[in-house]
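Numbering (the working numbering), first residue to last: 22 to 227.
First up is the structure itself, then whatever we jot down about it.
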């Protein structure tokens, strides 16, 4: 890959502490997994450029702290977000119950068109430890209009699939919007191919 790209996307990982957000980001961004990861303090991020269907995307992926005391800090990073992963731990019923809290928080601060994927992480752990069935996660996602997947950051199961699915759908939607805007008979045509990270009101033509 060179430094040229078609779309720049800001993606966010949110969810309770210790559900594996940092390792999900690290596995996708660096192909690394660390059992000794400590809870994120504030915000961390990686940047990765990938190609999907001949579309080159520069993804800036933000990992957020799950502790309540950082909620105010995290909300400031919702601006300009195009896609969000809400992560829970399939062996933690409480982290799944709190998905609704995270969802309300997210919808309060972001554009209603932001694409969201519900992620049940730690699928590598023994089924005897599972507290949230796959169908429960899928049903919640369907009720709320979210994408859904179960992953394991430890053995990399579905990590790439989660990101490429969300990014691919975002890319497709942005491409359609670009075509629509370019067909509008006005001088104020909004393009989506950009050289930076922008909110929906800040995009400019490439």
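Glycine included, every Cβ here is placed at the ideal spot set by N, Cα and C.
*Option nearest residue 147 by Cα separation, candidates 111, 28, 165*: Distance from the Cα of residue 147 is smallest, within the candidate group 111, 28, 165, for 111.
*Tell me the start and end of each unbroken beta strand (DSSP E) in the stretch 118-143 that is at least 3 residues and wholly inside, in chain order.*
Secondary structure within the stretch 118-143: the beta strand (DSSP E) runs of 3 or more consecutive residues, fully enclosed, are 136-142 (chain order).
*Pull up the DSSP beta-bridge partners for residue 42, would you.*
Note: residue 42 sits in no beta bridge, so no partner.
*Can residue 78 and residue 30 be called in contact, C-beta distance under 8 Å?*
A contact, by the Cβ cut-off of 8 Å.
*Candidates 183, 176, 175: which alpha carbon is nearest residue 169's?*
Nearest of 183, 176, 175 to residue 169, Cα basis: 183.
*Does the count of Cβ pairs from the stretch 172-192 and the stretch 99-108 closer than 8 Å reach three?*
Touching, per the Cβ criterion.
*Can you say whether residue 37 is buried or exposed, counting buried as having 16 or more other CB atoms within 10 angstroms of its CB?*
When all chains shown are included, residue 37 counts as buried.
_Applying the 10 Å Cβ sphere with the 16-neighbour rule, what's the burial state of residue 33?_
Here residue 33 is buried. Its C-beta has 16 or more other C-beta atoms within 10 Å.
*Pick from 163, 81, 28: whose alpha carbon is nearest that of residue 73?*
Measuring from the Cα of residue 73, the nearest candidate turns out to be 28.
*Would you identify the three-state DSSP class for residue 54, choosing helix, strand or coil?*
Note: residue 54 maps to coil in three-state DSSP.
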